[in-house]
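Under the numbering used here, think of the first position of the sequence shown as 139, with each following residue one higher. Report on the structure given below.
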Amino acid sequence: MSKRDLKKYIATLTKEQLEEQLVDLYDKFPPVKVYYDFVFNPKEEKLLQEAKLKISHEYFPLKKGRKKPKAKMRRSVAQKIIKHFIVLGVDPFVVTNLMLYNIEIAQTYASENTIIQELFFKSMLNSFEQATQYAVSNGVFSEFNGRFTAIYEEAKRLKWKNKGQFEAVLERL
139 MSKRDLKKYI ATLTKEQLEE QLVDLYDKFP PVKVYYDFVF NPKEEKLLQE
189 AKLKISHEYF PLKKGRKKPK AKMRRSVAQK IIKHFIVLGV DPFVVTNLML
239 YNIEIAQTYA SENTIIQELF FKSMLNSFEQ ATQYAVSNGV FSEFNGRFTA
289 IYEEAKRLKW KNKGQFEAVL ERL
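Here it is in structure tokens:
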């Protein structure tokens with residue numbers, strides 16, 4: 139069904155029928171419930187803290203038992219959370235903050251551990267490019283300019299192989 143067809147269908151419904159359908163959607167589909175829960179009670183700060191905790195556990199997992207847990211370093215976990223924030227309509231300032239946190243926590247991990255996977259550096263560069271594009275397109279780049287520069291400086295300090303590409307991203311702006 140196209141959006142136009144949906145609008146035509148909605149126009150034929152009474153207010154009561156429309157309310158009933160919305161309540162059914164809320165009950166049957168968890169994403170609809172999540173959306174309305176956020177719309178009516180947007181606890182962005184709480185969501186941000188929970189998201190940061192999940193991302194940090196990818197690099198610094200909680201110790202369980204005697205063995206030191208291994209970091210998974212999955213970029214996909216952060217990307218999924220960030221996409222969810224964007225779909226919910228979370229403030230671009232909060233989304234950009236989370237995008238940068240994801241890179242910063244990875245850099246913290248990299249400063250303490252030797253990383254040999256080439257994919258790690260490539261994915262951090264992708265995250266950096268996406269964060270800059272998002273921040274610019276949503277008009278919040280100037281508020282985060284210092285953090286973007288600090289991320290580049292840290293990539294340079296850590297002697298990342300692709301540090302020049304980080305610099306190139308900033309220079310394009």
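Just so it is clear, CB atoms sit at the ideal spot from N, CA and C, and this is done for glycine as well.
Asked	Found
Using the Cα positions of N179 and A209, report the straight-line distance between them to the nearest angstrom.	34 Å
Using a Cβ-Cβ distance cut-off of 8 Å, determine whether K210 contacts chain C.	No chain C is part of this structure, which consists of one protein chain only.
Would you check if there are 3 or more beta carbon pairs closer than 8 Å linking the region 231-240 to the region 261-272?	yes
Among V232, K301, K184, A306, which has the Cα closest to the Cα of Q245?	K301
Sorted by chain position, which residues of the same chain lie with C-beta nearer than 7 Å to F282's C-beta, five sequence neighbours on each side aside?	T234, L238, A273
What is the C-beta distance between E188 and M211, in whole angstroms, given that I count them as a contact (C-beta under 8 Å)?	About 20 Å separates the two Cβ atoms, so there is no contact after all.
Output yes or no for whether 8 Å exceeds the beta carbon distance between A248 and L296.	yes
Going by beta carbon distance, what residues of the same chain come within less than 6 Å of W298, once the five residues before and after it are set aside?	F259
Apart from the five residues just before and just after K201, which ones in its own chain have a Cβ nearer than 8 Å to its Cβ?	P207
Looking at the structure shown, is Q255 part of a helix, part of a strand, or coil, going by DSSP?	coil
On the CB-based measure, 16 or more other CB atoms within 10 Å of its CB, does R142 come out buried or exposed?	exposed
On the DSSP letters alone, give me the boundaries of the alpha helix (DSSP H) that D229 sits inside.	Taken as a continuous stretch (DSSP letters only), D229 belongs to no alpha helix (DSSP H), as it is neither H nor E.
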